[in-house]
Structures are given as structure tokens and as C-alpha cells.
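Residue numbers (the numbering used here): 109 to 425. For every residue, glycine included, the Cβ atom is placed at its ideal position computed from N, Cα and C. Values in this document were obtained by computation on a predicted structure and should not be read as measured data. Structure first, commentary second.
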Amino acid sequence: MLMIIVLMFSILFANKAGMVHGSLDKPFEKENNADNAISIINPFTKKEMDTITPDEFQLETDIVLYTKELEALVHQAAKGFKIPMILDKIDKNGSIIEGRPLITADEPALVEKIIEHTFTGGEIELPLKYTGSGYDEKDIPYLNEVVLSSYTTYFNGHHAGRSKNIELSSLAINQVIVGHNDIFSFNLMVGPREVATGYQMAPEIVNGKMVMGIGGGICQTSSTLFNAVDRLGVQILERHHHSKEVGYVPKGRDATVSFGGLDFKFKNTTGIPFIVKTYYQLGSITIQIKTSKEYEQILKNELTYKKAQDVSFFFAY
């Protein structure tokens, strides 16, 4: 985990000249060896990630412009830094298995710190912003009450390797809590497809051809999930088709994945939290999207309101 975080920090502050100065270099024109040079420190490794030198004169003469350009500079540098959230899950006893919050740079705090150090220089530890999942823990006991959506696909259970891969990948996303505005990443939740974690050799589609590969078949799990959540109108952020048709979903309704490459991602824009429930048996996989009775009613009211708004818009024009 630490290695991933350090790597992402390195990527964020790579190419110092272009990243720090770029087209917004007016407040930062001086030499980096000036007395007021500011070092941005990696909060994990405690090492310097970058150095900037503010222009005290501009701060004194036009603090509004200085702050505006500084905000733009920080935003440009920080927007590429994001350690994605790993969603929480519910274990068999109903307890929460914590994932990882979304970690981003705290831009307003960094701007404030740079302004504070404009005249004195020194070191600034990059401030971070942690964003948790969009659900309330008190709702956990009730998120299994009603089914919002369900989708089932079928496969040949006699193909042992492929069946095992579908089973393992479905187990990996079972009981995942998707809070309001959370982003679900299939690859993050399932993880690497390796022999060490039980995945087996099975046929998979590569460049329009069937070849053998570790984890072959898990695209049926991701495709089943897509068809289940798509019925709710979530925002699909990433989805890819296979290079040839598959038989377990209608044409154009697949979602191929590859760890470290193609992913299936969606954002929960329903306004309510829900859980992903998977049911595997030899020959089929069913994925249900479930929530509480209270949230189901909220969602129904929201959908009714949106339909009414659409009708009003139609008649208005």
C-alpha cells in the first residue's frame, strides 16, 4: 500500500519545471535557491517532492490576483493526484470490513500554507483530504431488505476453470457497500487474477480470438454486474466491449475487464446507498442490488419527481 501511495506522489510532482511553473508562473519567477523557497514534503516518506519560490512583491501589491493564480497552479498540480477509494464490505456476521477512503490533496489548505510561507519559505507537508464512503453505519442492518434490481447469466458448469473464476470474482464483490456518490471499480474490488489467489486457466477473448489465460471468465461477472446496476440509472464511468460477441448477455451489453488495464466503473448517482449481492451456483450467477425499504421509497419518489419534471419540460416546449 505504501509503495502505491509513494508512486502516486512521485507521478503527481514529476516534471518540476512544467508542473510548478507552466503557464501560471508569474507568482513563482524567482530562483529556487531564494531565501523564501518553499519545499513541498511527502507526508508519507517525509522527503521533498518539489520546490517553489513565491513572488512576495505580487502578494503585497495584488493579493487577489496572487491567490487566484496560486489556486489555479495548485489545482493543476493536484488534480492528477488521487488514491481511489476501496469500498467497504459487510462480512457474514453483519460487521463492516473497512476498505480505504478516497485520498486527494487538500487544495485550499495547501494554498493557505503557501501564502503563509511566502515571505519566510520553509517546508510544507502536503495536506491531504480523506473522503469516506457515502453511507451511514446505522443503515447497515437494513440494506438487505429489498431488491432494486437483479440480473442472471448462465454458463457451462462443466468448464471447471471458468466456473471457479466466476465464483471467485463474484465472491469478491459480494456484500460491497456502494454509498451515495461512491465510485465502484471492478478491478479494485476483485484485485489481481493470480494462481496464488485461486484463479485458474480458462478461455478468454483477446484481440477477437479465444486464448487460455489466468482468470478467464470473470468478464461474465463484470457483465452481469453492469446489467444489474444499469437498470438503476447509475453513471457508467468506464465500460468496454469484448473484441468479439459473447453469448451470455445480449449484443452490446457486455463489460470486459483486465487487471491493470480495462475496468468497469460506475458512480452511484441514485441518491441512496445500496449493496451488491452475488449468488453463484454451478451454471449461473445472479447479481442483485439491494437497499432498505426506506431508501427504496426515497428512490421511487425521486424517480417520480424526475418523470414529472420531464413531462413539464415537454409541455413547456
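From residue i to residue j, what distance separates their C-alpha atoms?
i: Ile149; j: Gly242; result: 30 angstroms
i: Ser203; j: Leu276; result: 21 angstroms
i: Thr169; j: Lys385; result: 60 angstroms
i: Gln328; j: Lys246; result: 33 angstroms
i: Met127; j: Ala268; result: For Met127, the predicted structure reports a pLDDT of 31, less than 50, and the residue's modelled location is therefore unreliable. The matter cannot be settled from this model.
i: Ala213; j: His183; result: 9 angstroms
i: Pro135; j: Glu156; result: Residue confidence for Pro135 is low, a pLDDT of 44 falling below 50, so the modelled location carries little weight; the figure read from the coordinates is stated next. Rounded to the nearest angstrom, the two C-alpha atoms are 21 angstroms apart.
i: Tyr238; j: Gly265; result: 43 angstroms
i: Leu251; j: Ile383; result: 7 angstroms
How is residue i classed by DSSP in three states: helix, strand or coil?
i: Arg270; result: helix
i: Phe334; result: helix
i: Gln396; result: strand
i: Ser366; result: coil
i: Ala304; result: helix
i: Gln343; result: strand
i: Leu218; result: helix
i: Val298; result: helix
i: Tyr250; result: helix
i: Ser257; result: strand
Contact defined as beta carbons within less than 8 angstroms: I believe residue i pairs with residue j. What is the distance between those atoms, to the nearest angstrom?
i: Ser258; j: Ala336; result: 6 angstroms
i: Glu312; j: Gly299; result: In fact, because the Cβ distance is near 17 angstroms, the residues do not count as touching under 8 angstroms.
i: Glu179; j: Val219; result: 6 angstroms
Who are residue i's beta bridge partners in DSSP?
i: Ile196; result: Note on identity: in this sequence residue 196 is Asp, with Ile being the wrong assignment. BP columns for Asp196 are empty, so no partner.
i: Thr159; result: Ser147
Can you list, in chain order, the residues of its chain with a C-beta nearer than 6 angstroms to that of residue i? Leave out the 5 residues immediately preceding and following it.
i: Ile344; result: Phe374
i: Val255; result: Gln396, Lys398
i: His348; result: Thr364, Leu370
i: Tyr387; result: Thr394
i: Ala310; result: Gly269, Arg270, Asn273, Gly324, Gly325
i: Ile198; result: Gln283
Note down, in chain order, each residue of its chain lying with its Cβ closer than 7 angstroms to the Cβ of residue i, except the 5 sequence neighbours on either side.
i: Pro151; result: Glu233, Leu234, Leu236
i: Asn144; result: Thr161, Pro162, Glu164, Thr226, Phe227, Thr228, Gly229
i: Ile380; result: His288, Thr399, Tyr403, Ile406, Leu407
Starting from the C-beta of residue i, find all residues in its chain whose C-beta is less than 8 angstroms away, skip the five residues before and the five after it, and write them out in chain order.
i: Gly306; result: Lys272, Leu276
i: Ile248; result: Ile198, Gly202, Ile204, Ile285
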